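Asker:
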Amino acid sequence: MKHKVVVTINGRKHEHEVEPRLLLVHYIRDVAGLTGTHIGCDTSQCGACTIHVDGKAVKSCTMFAVQADGRNLTTIEGLANGDELHPIQQAFWDEHGLQCGYCTPGFIMEAAYLLAQNPNPTEDEIRKGLEGNLCRCTGYVNIVKAVQSAAKTMSSAPAKKTTVTAGGN
Amino acid sequence: MAVTQLVGAKIHRREDPRLITGHGHYLDDFTRQGTVYASFVRSPFAHARVKSIDVTDASKAPGVVGVYTARDFKGQLTGTHPTTPAFTAAKKYVPERFPIAEKEVCYQGEIVAVVVAGSRAQAADGANLIQVDYEELPAVMDLEKALKPGSAKVHVDGPDNIGWDIPYTGPEVTDAAFKEADVVVKERILQNRLAPVPMEPRGVLAEYESFDKKLTIWLSSQSPHFIRLFVSGSMGLKENQVRVISPDVGGGFGSKISPYPEDYLVPALSRMTERPVKWIETRTESIQNATHGRGQFYDVEVAAKKDGTVTAMRVTQFLDIGAYHGTFAGFQACACLMAGGAYKWKGGITARTIGILTNRVPTDPYRGAGRPEATHLVERMIDLVALELKMDPVDVRKKNFVQPEDFPFTQNFGLVIDSGDYEKSLDKALQLAGYSDLRKKQADLRKQGRYLGIGLSTWIEICGFGPSAATAPATGGIALVESAQVRVTPTGAVMVYTGTHSHGQGHETTFSQLVADQLGVPMESVDLRHGDTAEGTAFGYGTYGSRSLAVGGVAVSKAVGKVIDKGKKIAAHLLEAAEEDIVFEHGSFHVKGSPDKAKAFGEVAFASYGTGLPEGVEQGLEATAYFDPPNLVWPFGAHVAVVEIDAETGNAKLEKYVAVDDCGNIINPMIVDGQIHGGVVQAIAQALYEEVVYDEASGQLKTGTLTDYMIPSAGEIPQLIVDKTITPSPTNDLGVKGIGEAGTIAASAAVINAICDALSPLGIKHVDMPASPDKIWHMMKEARK
């Protein structure tokens, strides 16, 4: 028996009939056709499938698609503002925070949530905050640097705006 | 090289915009119209006889297209799993391997049946309905017991369990040195079995078009041309009927070089069902079936003099082959040939490798393959000599290093080390670590009952495979040289096709830097294509063994050189000058001494497609080059690990890690540092956390998920201090060496040496990997008795 699911992904409404056992990550990839969210394990260890559900970072293999009914989802494809990269994406690029890139969407989504909760984390807080995501290429060195650098950019961005306004007046 | 603007600079990676925005193309992102899905039924036993397979219920399950067992593939596939003869001149026994088992299964996970259905879920449901009647047989798990006459056999019809037994050099080579030794130290050193765990598991999508008799295979591979070679042969197709596409690859670490059973079975299923067929490996399937690394132990003896001079070594490698020989399994025996490390052994080295079959999944190269094992054993033995003689491990190393003036240095097995300066990198690493202060701190902490340890690894490696004379006999005929093709379009856009293939190394960036500089064009004018057998040269050799730049990059550079040479002919004609008077620099051909008499590269490219070319010159501007390196390349470096052991829990906390590495000239320092970071952490993980564990009696895999098989997260790993020395390689014109495996080759020895150093006040001399808190706690408890 199939169930109707209505979800908003990256601001766009999706409506489908799905099997109740369909995992949210398979829904996102195979039904909604957004393949930026990856699958790296069967046991919710690796975090490659991390997305935002109503603003919270969630491993999308830990939810059924039917449980996402009526929710607002953001995936990696929805993070940039048009051609303008999100500061965390930019920082991963600048700091060489990725090699094969397979774990990267999950890390970026997790980091975005981490910085929303704690805009100025210490290195230790970043490392602890990213413990639910696994990377096999980078040794985490440049991932941590990227999150540190994004935190700086993001916390200085509003300040910049204030300066401009002040100068303009 | 004329312009050095890009080479040597930190250039942002060209691969990244798609990868950071979710627009990469990994294997599971591809689907063809009408695709059906395969799910495999695998043996739950390490060793069993297959008595019968009942597919009745599965065949009737919803959505099932077909159910197939070994018999169905007999007319589709022929031959046995390819095994290179490398190092197996004295091979004893290579069991036959068909991609799907019929009567006997020899490791847990071996395929016995496959279901094809309309969706992944339906295929998995169908597979669950297949009833297999097994008769369990004894599992051969212990390497030493497996060698004994009368042991149970891995394959019931096999003669014994010995895959190979090769003495490279006999005991007589070292007899004199051992007789004259002041001290002899001995140790058995374990290399834990490891699962490569690339974050993207494997997978295959195959589409056979029956009217054209053409097959396209998409798979996650480090070596698409090898897959084409093997699969086409087995399926009775010509290589030109098969196209293999390996798109963005989510890590490999050696586990995506060799062909796998599914690489044959999925294309055969497509031919049988006349549908595109897709299979994506689950993580448990990956840990259970992707080839493992290491899985060895070594018996080592070293003879030394009182002053710290090491004179001779005797080493025997006992290597767990698993149930079948991996395609490149024999390569791991290079640990014996590299066992001498960075040191002179004037009294010789006696080495022997024994490959032993067991009822486990096969082993094959895993990042470093043989060289991490060599580093680990020689660096451990040097520390044991230092401990025995109460000398500083730094002094023992410096006393025995091959010196800069000794290069090229012919080591004990006739390999010629091209270059090096081992003391320089060690001094730099010691300085960065603050070595003398650390020793003072260690003495202070020991007085307080605390266990701080400092460990060194002055590693060397051999990479850049490799010269045809050495590699063709080792593979069975195909030399591991590399090819490249450079094509210039009429508008001066440059397309570069390489036989190497990136799985995270950033070739699109590095190779483009190289080409853009050499041609004096902007990087945007250069596009790199790889991973598709339908594009580029006739054969590419793939990416492994830290070979891509030192072999493939040099081939690219040679092909660019040929393009420039042709451009000179055309420019000379256009400028009405003699060809030998044409100079090419900064993207422009000009007459020697008259820089204003010039033609830009783009103008020459356009002219090459026109009329009025010089006599004997064909239209177009393109070239193919092969590079057959005259030698292998020899990176080296020095690592320092600082560890404190918690006296209560046995937990080894890595306080500091310093890596000074030398890979010759560097194209992109950001990428080089990244390779070191990842490599070092993979070896720290071997030293402290990772081990594939099977039940020793039943052969059941106990670490089949990422819950049980621990790869470290950001929380376990400290910041690394990374620096370099630069000793250009004389082996190639670019002066480059490999760096992809260096960190992994170096780091396990540094970490374990630090742990042993920390525990030395308790009389503990050696700790095997993984040095888990539990293991250390028990050793400390025992030592305190």
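Protein chains in written order, with my numbering: chain A, 1 to 169; chain B, 1001 to 1785. A virtual CB, placed ideally from N, CA and C, is assigned to each residue, including glycine. Here the structure is a predicted model, which means the values were calculated and not measured.
#1: What do you get for glutamine 117 (chain A), buried or exposed, if any count of 16 or more other CB atoms within 10 angstroms of its CB means buried?
#2: From threonine 162 (chain A) to isoleucine 88 (chain A), what distance separates their C-alpha atoms?
#3: What separation, rounded to the nearest whole angstrom, lies between the Cα atoms of threonine 50 (chain A) and aspartate 1646 (chain B)?
#4: Tell me where the alpha helix (DSSP H) around proline 1393 (chain B) begins and ends.
#5: List the residues of chain A that histidine 1023 (chain B) touches, going by C-beta distances under 8 Å, in chain order.
#6: Rounded to a whole number of angstroms, what is the C-alpha to C-alpha distance between arginine 71 (chain A) and arginine 12 (chain A)?
#7: Can you give me, in chain order, the residues of the region 135-149 of chain A that have a beta carbon less than 8 Å from any beta carbon in chain B?
#8: Excluding the 5 residues flanking alanine 1607 (chain B) on each side, which residues of the same chain have their C-beta closer than 8 Å to its C-beta?
#9: Could you please give the first and the last residue of the uninterrupted beta strand (DSSP E) stretch that includes alanine 1683 (chain B)?
#10: Using a threshold of 9 Å, state whether the C-beta atoms of valine 1630 (chain B) and proline 1473 (chain B) are closer than that.
#11: Just checking: is the beta-carbon of glutamate 84 (chain A) within a distance shorter than 9 Å of some beta-carbon in chain B?
#12: Can you name the start and end residues of the alpha helix (DSSP H) that tyrosine 1657 (chain B) belongs to?
#13: Quick test of your reading: valine 1486 (chain B) and alanine 1623 (chain B), contact by CB under 8 Å. State the CB separation rounded to the nearest angstrom.
#14: Taking Cβ positions, are leucine 1205 (chain B) and phenylalanine 1040 (chain B) nearer each other than 9 Å?
#15: Going residue by residue through the region 1134-1169 of chain B, where are the continuous beta strand (DSSP E) segments of at least 3 residues, counting only ones entirely within it?
#16: Taking all protein chains shown into account, do 16 or more other C-beta atoms lie within 10 angstroms of the C-beta of asparagine 81 (chain A), making it buried, or fewer, making it exposed?
#17: Opposite arginine 1487 (chain B) in the DSSP bridges: which residues?
#18: State yes or no: is the C-beta of valine 1640 (chain B) within less than 9 Å of the C-beta of glycine 1455 (chain B)?
#19: Would you list, in chain order, the members of the region 1235-1266 of chain B that have their beta-carbon closer than 9 Å to a beta-carbon of chain A?
#20: Would you tell me roughly how many angstroms separate the C-alpha atoms of proline 1595 (chain B) and glutamate 1576 (chain B), rounded to the nearest one?
#21: If we count the other Cβ atoms within 10 Å of its Cβ and call it buried at 16 or more, is threonine 1021 (chain B) buried or exposed?
#22: Three or more beta-carbon pairs under 8 Å between the region 1662-1680 of chain B and the region 1168-1182 of chain B, yes or no?
#23: Tell me glutamine 1317 (chain B)'s beta-bridge partners as DSSP assigns them.
#24: Does any CB atom of chain A fall closer than 9 Å to the CB of histidine 1586 (chain B)?
#25: Beta strand (DSSP E) containing threonine 8 (chain A): first to last residue?
#26: What does the Cβ neighbour count give for asparagine 133 (chain A), buried or exposed, with the cut at 16 atoms within 10 Å?
#27: State buried or exposed for arginine 1071 (chain B), treating a residue as buried only when at least 16 other CB atoms are found within 10 Å of its CB.
#28: Thinking C-beta only, is alanine 150 (chain A) closer than 9 Å to methionine 1199 (chain B)?
#29: For isoleucine 1245 (chain B), count neighbouring C-beta atoms within 10 Å of its own C-beta (all shown protein chains included) and say buried if the count is 16 or more, exposed if not.
#30: Is it the case that the Cβ atoms of tyrosine 1689 (chain B) and serine 1772 (chain B) are separated by a distance below 9 Å?
#31: Can threonine 62 (chain A) and asparagine 10 (chain A) be called in contact, C-beta distance under 9 Å?
#32: May I ask you to report which of helix, strand or coil DSSP gives arginine 1788 (chain B)?
#33: For the beta strand (DSSP E) holding serine 1039 (chain B), just list the boundary residues, first then last.
#34: Assign serine 1221 (chain B) to one of two classes, buried (16 or more other C-beta atoms within 10 Å of its C-beta) or exposed (fewer than that).
#35: Let me see if you follow: with CB-CB separation under 9 Å, is threonine 50 (chain A) close to chain B or not?
#36: Going by DSSP in three states, serine 1119 (chain B) sits in which element: helix, strand or coil?
Answerer: Once the coordinates are examined:
#1: exposed
#2: Confidence at threonine 162 (chain A) is low in this model, with a pLDDT of 35, below 50, so its placement is unreliable and the value that follows should be read with caution. Roughly 22 Å between the two C-alpha positions.
#3: 35 Å
#4: That run of the alpha helix (DSSP H) goes 1393-1400.
#5: Neighbours of histidine 1023 (chain B) on chain A, chain order: Gly36 and Glu77.
#6: 12 Å
#7: Cys135, Arg136, Cys137, Thr138, Gly139, Tyr140, Val141, Asn142, Ile143 and Val144
#8: Ile1570, Leu1574, Lys1599 and Leu1613
#9: First-last for alanine 1683 (chain B): 1669-1688, but that is the alpha helix (DSSP H), not the beta strand (DSSP E).
#10: Strictly speaking, residue 1630 (chain B) in this sequence is proline, with valine absent from that position. The Cβ-Cβ distance between proline 1630 (chain B) and proline 1473 (chain B) does not fall below 9 Å.
#11: no
#12: Premise fails: tyrosine 1657 (chain B) lies in the beta strand (DSSP E), 1652-1662, not in any alpha helix (DSSP H).
#13: 6 Å
#14: Not a contact, by the Cβ cut-off of 9 Å.
#15: List check, beta strand (DSSP E) in window: 1162-1167.
#16: exposed
#17: Paired residues: B:Met1495 and B:Glu1622.
#18: yes
#19: Asp1248, Val1249, Gly1250, Gly1251, Gly1252 and Phe1253
#20: 14 Å
#21: Buried: at least 16 other Cβ atoms inside 10 Å.
#22: no
#23: Its beta-bridge partners are B:Tyr1298 and B:Thr1353.
#24: Not one beta carbon of chain A lies nearer than 9 Å to the beta carbon of histidine 1586 (chain B).
#25: 3-9
#26: buried
#27: With fewer than 16 Cβ atoms within 10 Å of its Cβ, arginine 1071 (chain B) is classed as exposed.
#28: no
#29: buried
#30: Yes, the Cβ-Cβ distance between tyrosine 1689 (chain B) and serine 1772 (chain B) is below 9 Å.
#31: no
#32: Summary: the structure shown does not reach residue 1788 (chain B), with chain B confined to residues 1001 through 1785, and so no result is reported for it.
#33: 1036-1042
#34: It counts as buried.
#35: no
#36: coil
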